[in-house]
Ligand SMILES: Nc1ncnc2c1ncn2[C@@H]1O[C@H](COP(=O)(O)OP(=O)(O)OP(=O)(O)O)[C@@H](O)[C@H]1O
Ligand SMILES: [Mg+2]
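Residue numbers (the working numbering), protein chains in the order written: chain A, 62 to 321; chain B, 54 to 284.
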């Protein structure tokens, strides 16, 4: 069964229909890249899946559970939405780290707040917090940030900041991690270090969806590539299909421009 | 003589300090409530808050002092003239204003709460949307987002303008003498009336200067304390 399934998702801003019925699915442990020209709706799609926008219609399933159903117009409790939110993670283009916390606290803040809701929190507080700290250290080590745990965001390079943002998302153990152009705010050499981290995550079996303009990366890292144009999925398939044997004229034109 | 003047000015300065401290204690939280009001999505609340802020910021504090002090009795007088005889109207016609000091305090609290609310609002609205969105995707509640993430960034941004406003408050306390609250300037002016002495007034100025100097030091300390992060 697919870990992520999106069925005919639609979203308009006023009269501007940005998503015109998006359907896709992804298996556990796979990586999906979403490519497409500016304004094609890639960010809007990620934002709808991550509850930052509310889609107008369609359905989203994560791991078999409905996390969004356009038919269901009843008001959902904030708590319910938060529970669903935690199944997925999102890494932003602009990192959005918390400036007043050091790297370690950035990574552990939300996890610790969430742990407070556990029923056994009062009794096992020390143990729980210790586990969270250990886990954060492990993740930061994987991100190559062990020596930066005490640093504040402004003391880090963009690439390091983005790796902290990835660690922060991973600390909540999401089933799927979404990235919206994780490297487009970075210089080329910093881009490479962040892309390397994403590749490592893939090798560890993480399920990820990456919106990117890095075509080489998309080709190398993904199991599935989706090309979006004007709010629809114009073409999809494995990297060789989409990059080497594109069927649609729009895809061909887009790729020709991207590889210029 | 110098000793007499010093004692009298110190007495006045105690009143000044009392007014200053109490105004801050009440206006700082009240300002937060008003700022939430003016950012509210509920239209009537937003409208009322914005109107209050507009009126208070658009009229002199001295006038507000006079309205708070003399207003209730004035209105009671008008109601009395209507000559309607029932329990409610009699109660309203018998309405007394507050005493002098509470009147001044009330006017100051309302006035400064409005100014503070605008500073808070500016601070809160200047926090990038990405901070809220990051909190949301990390599953934090609205109150966690505000208290754990947004608040300190807001505080950092508002410390400099709050410092300016608070130093203005120190000087504004001298307006209390308009309705005969004996603060330091009132006491200094007594010496002009009674003995033609001008220097006590200048001496009083030194009190303000020293006190504001102290506040400036405190505020730059606070700013320094928050230098460890950039926001
Ligand atoms: N909050 C919003 N309100 C109104 N219109 C919006 C909003 N967000 C996005 N849009 C519009 O939706 C369309 C798609 O935007 P989106 O950001 O999803 O594109 P994108 O594929 O991510 O582009 P890019 O590659 O530039 O990031 C654009 O026309 C944009 O103007
Ligand atoms: Mg985008």
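Every residue, glycine too, gets a C-beta built ideally from N, C-alpha and C.
Since the structure is predicted, the reported quantities are computational estimates derived from the model, not experimental observations.
Please list the partners that residue i has in chain B, where partner means a Cβ-to-Cβ separation under 9 Å.
i, result
"residue 143 of chain A", "189, 192, 193 and 194"
"residue 146 of chain A", "189, 190, 191 and 192"
"residue 155 of chain A", "181 and 183"
"residue 150 of chain A", "190 and 191"
For residue i and residue j, I'd like the C-alpha separation in whole angstroms.
i, j, result
"residue 101 of chain A", "residue 257 of chain A", "27 Å"
"residue 225 of chain B", "residue 105 of chain A", "52 Å"
"residue 281 of chain A", "residue 300 of chain A", "8 Å"
"residue 247 of chain A", "residue 203 of chain A", "20 Å"
"residue 162 of chain A", "residue 111 of chain A", "24 Å"
"residue 100 of chain B", "residue 140 of chain A", "31 Å"
"residue 237 of chain B", "residue 64 of chain B", "7 Å"
"residue 249 of chain B", "residue 158 of chain B", "31 Å"
"residue 244 of chain A", "residue 149 of chain A", "20 Å"
"residue 177 of chain A", "residue 309 of chain A", "51 Å"
"residue 235 of chain A", "residue 285 of chain A", "20 Å"
"residue 84 of chain A", "residue 66 of chain A", "7 Å"
"residue 154 of chain B", "residue 77 of chain B", "15 Å"
"residue 264 of chain B", "residue 241 of chain B", "17 Å"
"residue 143 of chain B", "residue 137 of chain A", "52 Å"
"residue 70 of chain B", "residue 160 of chain A", "36 Å"
"residue 246 of chain B", "residue 110 of chain B", "34 Å"
"residue 158 of chain A", "residue 108 of chain B", "39 Å"
"residue 190 of chain B", "residue 249 of chain A", "28 Å"
"residue 88 of chain A", "residue 120 of chain A", "17 Å"
"residue 141 of chain B", "residue 132 of chain B", "11 Å"
"residue 115 of chain A", "residue 287 of chain A", "22 Å"
"residue 270 of chain A", "residue 263 of chain A", "11 Å"
Please name the residue, chosen from the options, that lies closest to residue i on a Cα-to-Cα basis.
i, options, result
"residue 78 of chain A", "A:301, A:311, A:292 and A:307", "A:292"
"residue 166 of chain B", "B:247, B:262, B:87 and B:266", "B:87"
"residue 316 of chain A", "A:88, A:72, A:98 and A:80", "A:98"
"residue 155 of chain A", "B:152, B:143, B:182 and B:137", "B:182"
"residue 82 of chain B", "B:239, B:169 and B:221", "B:169"
"residue 192 of chain A", "A:232, A:249, A:149 and A:84", "A:232"
"residue 278 of chain B", "B:259, B:174 and B:208", "B:208"
"residue 176 of chain B", "B:67, B:274 and B:89", "B:89"
"residue 129 of chain B", "B:147, B:215, B:120 and B:113", "B:147"
"residue 151 of chain B", "B:243, B:162, B:124 and B:103", "B:124"
"residue 146 of chain A", "A:132, A:167, A:135 and A:124", "A:124"
"residue 144 of chain A", "A:135, A:126 and A:152", "A:126"
"residue 196 of chain A", "A:212, A:184 and A:168", "A:168"
"residue 216 of chain B", "B:205, B:258 and B:273", "B:273"
"residue 304 of chain A", "A:86, A:94 and A:175", "A:94"
Anything in chain A within Cβ reach of residue i, meaning under 9 Å, just list it in chain order.
i, result
"residue 202 of chain B", "159, 161, 162 and 170"
Can you pull the chain B residues whose beta carbon is under 7 Å from the beta carbon of residue i, in chain order?
i, result
"residue 213 of chain A", "281 and 282"
"residue 111 of chain A", "190"
"residue 238 of chain A", "What residue 238 of chain A touches in chain B: nothing, since even the nearest Cβ is about 11 Å away."
"residue 175 of chain A", "192"
Taking its Cβ as the centre, do 16 or more other Cβ atoms sit within 10 Å of residue i, making it buried, or is it exposed?
i, result
"residue 164 of chain A", "buried"
"residue 58 of chain B", "buried"
"residue 233 of chain B", "exposed"
"residue 270 of chain B", "exposed"
"residue 265 of chain A", "exposed"
"residue 200 of chain B", "exposed"
"residue 188 of chain A", "exposed"
"residue 96 of chain A", "buried"
"residue 95 of chain B", "exposed"
"residue 222 of chain B", "buried"
"residue 74 of chain A", "exposed"
"residue 60 of chain B", "exposed"
"residue 74 of chain B", "exposed"
"residue 255 of chain A", "buried"
"residue 182 of chain A", "exposed"
"residue 277 of chain A", "exposed"
"residue 209 of chain A", "buried"
Identify the contact partners of residue i in chain B, using a Cβ-Cβ distance below 8 Å as the criterion.
i, result
"residue 139 of chain A", "194 and 195"
"residue 233 of chain A", "191 and 192"
DSSP puts residue i in a beta bridge; with which residues?
i, result
"residue 77 of chain A", "A:74"
"residue 290 of chain A", "A:293"
"residue 265 of chain A", "DSSP, once it has assigned bridges, lists no residue as partnering residue 265 of chain A."
"residue 95 of chain A", "A:272 and A:287"
"residue 130 of chain A", "A:120"
"residue 152 of chain A", "A:240"
"residue 85 of chain A", "A:67"
"residue 298 of chain A", "A:286"
Say yes only if the C-beta of residue i is nearer than 7 Å to one or more non-hydrogen atoms of ligand 3, and no if none qualify.
i, result
"residue 115 of chain A", "In terms of ligand content, the structure shown lacks ligand 3 and carries ligand 1 and ligand 2 instead."
Which chain A residues sit within Cβ distance under 7 Å of residue i?
i, result
"residue 205 of chain B", "161"
"residue 276 of chain B", "Going along chain A, no residue has its Cβ under 7 Å from residue 276 of chain B, so there is no contact; the nearest lies around 14 Å."
Just the chain A side, please: which residues come within less than 8 Å of residue i by C-beta, in chain order?
i, result
"residue 178 of chain B", "Those do not exist, as residue 178 of chain B stays about 17 Å from chain A at its closest Cβ, beyond 8 Å."
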